[in-house]
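Q:
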Amino acid sequence: MLFAILVAILCIIPLILIYIDKKWSDQDKLSGIPGPRAYPIIGSLIELWPYMRSQKVYLKILDYAKIYGDTFRVRFGPKLIIITRDLKAIETIVSDQKFIRGHEYKSLKPMSGDGLLVASGERWFKLRKLLTPAFHFQILERFIPIYEEQTNILIDLLKKKDGKVVNIVPLLYNMALDIIAETSMGVKLNAQSGLHKDFVEAIGVMLHVFTARLNNGFLTIDWIFHLTSLYREQQRAMTLINNFVNQIIEERRTKLLQEIKENGNVVQEYVEKKHPALLELMLRSEMDEKPLTNDDIRNEVKTFMMAGHETTSNASSFILYNIAKYPKVQERVYEEINSEIDLTKPLTIKVLNSLFYMDCVIKETLRLTPAGTLLPKRCLTEVKIGDYDIPADTTIMTFIYGLHMDEKNFKNCESFDPNRWMKEVTVEERNPFAYQPFSSGLRNCIGQRFALLEIKTVIVKLLTTFKVELGTEDFVTDIIECGALKSKNGVQLKFIPR
550 MLFAILVAIL
560 CIIPLILIYI
570 DKKWSDQDKL
580 SGIPGPRAYP
590 IIGSLIELWP
600 YMRSQKVYLK
610 ILDYAKIYGD
620 TFRVRFGPKL
630 IIITRDLKAI
640 ETIVSDQKFI
650 RGHEYKSLKP
660 MSGDGLLVAS
670 GERWFKLRKL
680 LTPAFHFQIL
690 ERFIPIYEEQ
700 TNILIDLLKK
710 KDGKVVNIVP
720 LLYNMALDII
730 AETSMGVKLN
740 AQSGLHKDFV
750 EAIGVMLHVF
760 TARLNNGFLT
770 IDWIFHLTSL
780 YREQQRAMTL
790 INNFVNQIIE
800 ERRTKLLQEI
810 KENGNVVQEY
820 VEKKHPALLE
830 LMLRSEMDEK
840 PLTNDDIRNE
850 VKTFMMAGHE
860 TTSNASSFIL
870 YNIAKYPKVQ
880 ERVYEEINSE
890 IDLTKPLTIK
900 VLNSLFYMDC
910 VIKETLRLTP
920 AGTLLPKRCL
930 TEVKIGDYDI
940 PADTTIMTFI
950 YGLHMDEKNF
960 KNCESFDPNR
970 WMKEVTVEER
980 NPFAYQPFSS
990 GLRNCIGQRF
1000 ALLEIKTVIV
1010 KLLTTFKVEL
1020 GTEDFVTDII
1030 ECGALKSKNG
1040 VQLKFIPR
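FYI, my numbering numbers position 169 of the sequence shown as 718, with every residue one higher than the one before it.
1) Please list the segments of the beta strand (DSSP E) lying wholly inside the segment 596 to 655, counting only runs of 3 or more residues, in order along the chain.
2) To the nearest angstrom, report how far apart residue 578 and residue 627 are at their CA atoms.
3) If I'm right that residue 954 touches residue 611 with Cβ under 8 Å, what's the distance once you round it to whole angstroms?
4) What did DSSP end up calling residue 1054 once you bin it into helix, strand or coil?
5) Between residue 575 and the rest of its own chain, which residues show a CB-CB distance below 6 Å, the 5 nearest in sequence each way excluded?
6) What would DSSP say about residue 954, mapped onto helix, strand or coil?
7) Closest to residue 829 by CA distance: which of 805, 835, 779 and 852 is it?
8) Using DSSP with H/G/I as helix, E/B as strand and the rest coil, what is residue 1036?
9) From residue 903 to residue 1010, what distance separates their C-alpha atoms?
10) Have a look at 848, 915 and 909 and flag the residue whose alpha-carbon is nearest the alpha-carbon of residue 864.
11) Suppose the cutoff is 7 Å on Cβ atoms and the five residues either side in sequence are ignored; what does the same chain contact list for residue 633 look like?
12) Which residues mark the beginning and the end of the beta strand (DSSP E) in which residue 933 is found?
13) Any idea which residues DSSP pairs residue 988 with across the strands?
14) Tell me the rounded alpha-carbon separation between residue 956 and residue 962.
15) Is any non-hydrogen atom of the ligand HEM found closer than 7 Å to the C-beta of residue 1008, if you look at the structure I gave you?
16) Quick one: grab the DSSP three-state call for residue 1024.
17) Since residue 588 is in the beta strand (DSSP E), which residue starts that stretch and which ends it?
18) Closest by CA to residue 975, which one among 958, 986 and 988?
19) Comparing C-alpha positions only, which one of 772, 793 and 757 sits nearest to residue 734?
20) Please state whether the Cβ-Cβ distance between residue 872 and residue 900 is less than 8 Å.
21) Short of 8 Å in beta carbon distance, which residues of its chain neighbour residue 695, apart from the five on each side in sequence? Order them along the chain.
22) Looking only at its own chain, which residues have a Cβ that is under 8 Å from the Cβ of residue 1029, when we skip the five neighbours before and after it?
23) When you compare only the Cα positions, how much space is there between residue 1002 and residue 896?
24) Report the three-state DSSP secondary structure of residue 937 (helix, strand or coil).
25) Is it right to say residue 967 is buried, meaning 16 or more other beta carbons lie within 10 angstroms of its own, or is it exposed?
26) Could you spell out the range, first to last residue, of the beta strand (DSSP E) harbouring residue 1015?
27) Kindly indicate the opening and closing residues of the alpha helix (DSSP H) around residue 1041.
28) Could you tell me the alpha carbon to alpha carbon distance between residue 568 and residue 584, rounded to whole angstroms?
29) Taking only the alpha-carbon atoms, compute the straight-line gap between residue 740 and residue 888 and give it to the nearest angstrom.
30) Give me the residue from 708, 608, 798 and 657 with the minimum Cα distance to residue 769.
31) Measuring alpha carbon to alpha carbon, tell me which of 736, 978, 1000 and 722 ends up nearest residue 1040.
32) Provide the residue span of the alpha helix (DSSP H) that contains residue 769, from first to last.
33) Which residue marks the beginning of the alpha helix (DSSP H) containing residue 905, and which one marks its end?
34) Return the CA-CA distance between residue 803 and residue 596, expressed in angstroms with no decimal places.
35) Which stretch, first to last residue, makes up the alpha helix (DSSP H) that contains residue 999?
36) Output the distance between the C-alpha atoms of residue 778 and residue 761, rounded to the nearest integer angstrom.
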């Protein structure tokens, strides 16, 4: 009897696989969207697996774009994903409210909850409106002394290296953590000084878990993930982070209630007269005529802590790498700083924005190494993308890296050339959606001005203190994707005092 059951199962399984294969093939033919061969259950993972293991899926996706055109489909296991770098399609995706955050963002929920990063619909609009004042230019101006203070600590650490080779990535990481902690929570974390190690390590664990889930499709299935040691690591880290942030929220709330009792609660006057951290601004704000809960506030603070330090530290490390790799570029940036800035005075937004050539270097670096390579959205209803009819609830990913590495948008796209940004170009010469280091449209990055001002401050202060060289003449970054693009072998540099 048992033998007969086993034989029946062995006969049925191939039939099921054949049925699934035919169904997928029929779906792909009906949609007309080209793409790589997909097999039952595993989809295109046979081709993708080596790139997933090496954390370089973005390169295989770029190959697909060259083979199948600007819009194509890929099956990651059983999941159908549409990927596009078609500019007309992208304009629709970023501006049409039928498109919301993709399911992929659920991996961020342990850190972000229902915060701005993962929220959709009316809640997203309310949060965006509420948080926008935190990035008003008056507040950003008051943050620049924090950028300078933390960069000065980094400079002191680099001076102790005596011009020896150093991997700048972890140093920038800790500096960016100190900056985001003070600007978002109003506390000095002192990560650069080695304090609060448990909290710093917990942030690192959360990033590690998020990356692991992105790189392993099975871990995106919650019940499988919950059986792993990664899940237990995440829970321990999350408990530590929540306790740390909750304590700060309670301390600030108690202090704020006393201030409101004495002076009232006028958010605009507070923004104009003080130096508010994101936390304090949220404590004074309301949504739906109700004060924000501790959970609401904690979710946003944690989101900015996680997203706000890694993106800026990675970007700064790649900029320093390019500056070291191209000495003529470095010299030109250095000369511009000396001609435009009085270094005996504190930095301001006005003087930082006067550094036109530095802007070009930053733009070109972010073109070659954007923070994210794919931006997932999900269509709420059936939509038409170009010539293709896309079913409701389909994931559609904007291929940011593919846009930036497209000869139609950027000539000699693989070359580092800051001069391409020296002159204004017309819409006909380059579509505005062709360059998206901070995304675009309604859901563009709320903190992009914050990030750029921090990066500029770091580069100004480092270049006026040191000449930057590659650690070795033949050093080349090995770029992988771990949630964001970063260098697997670090960024090995020498900082020679001027």
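Just so you know, even glycine gets a beta-carbon here, dropped at the ideal spot from N, CA and C.
A: In terms of the structure at hand:
1) 620 to 625, 628 to 633 and 648 to 650
2) In this predicted model, residue 578 has a pLDDT of only 45, less than 50, meaning its place in the structure is not dependable; the value taken from the coordinates is given anyway. Rounded to the nearest angstrom, the two C-alpha atoms are 16 Å apart.
3) 6 Å
4) Here the chain comprises residues numbered 550 to 1047, so residue 1054 is not present and cannot be evaluated.
5) With a pLDDT of only 43 at residue 575, under 50, the local geometry of the prediction cannot be trusted, and the value read off the model is given with reservation. Nothing listed; no residue qualifies.
6) coil
7) Nearest to residue 829 by alpha-carbon distance, out of 805, 835, 779 and 852, is 805.
8) Residue 1036 falls in the strand class under three-state DSSP.
9) 15 Å
10) 915
11) 619, 620, 639, 934, 945, 947 and 948
12) 932 to 934
13) Partner(s): 986.
14) 6 Å
15) Inclusion of the ligand HEM in the displayed structure is not the case, the ligand content being empty and no account of it being possible.
16) The DSSP-derived three-state label of residue 1024 is coil.
17) Looking at the DSSP string, residue 588 is not in any beta strand (DSSP E), and its letter there is neither H nor E.
18) 958
19) 793
20) no
21) 728, 731 and 732
22) 603, 604, 605, 1035, 1036 and 1037
23) 10 Å
24) strand
25) buried
26) 1015 to 1019
27) From DSSP, residue 1041 is part of no alpha helix (DSSP H) but of the beta strand (DSSP E) over 1041 to 1046.
28) With a pLDDT of 49 at residue 568, under the threshold of 50, the predicted position of this residue should be treated as unreliable, and no value is reported.
29) Their Cα atoms are separated by approximately 34 Å.
30) Cα-wise, what sits closest to residue 769 is 657.
31) Residue 722 is the option with its Cα nearest to residue 1040.
32) Element bounds for residue 769: n/a, residue is neither H nor E.
33) 905 to 917
34) 56 Å
35) Element bounds for residue 999: 997 to 1012.
36) 12 Å
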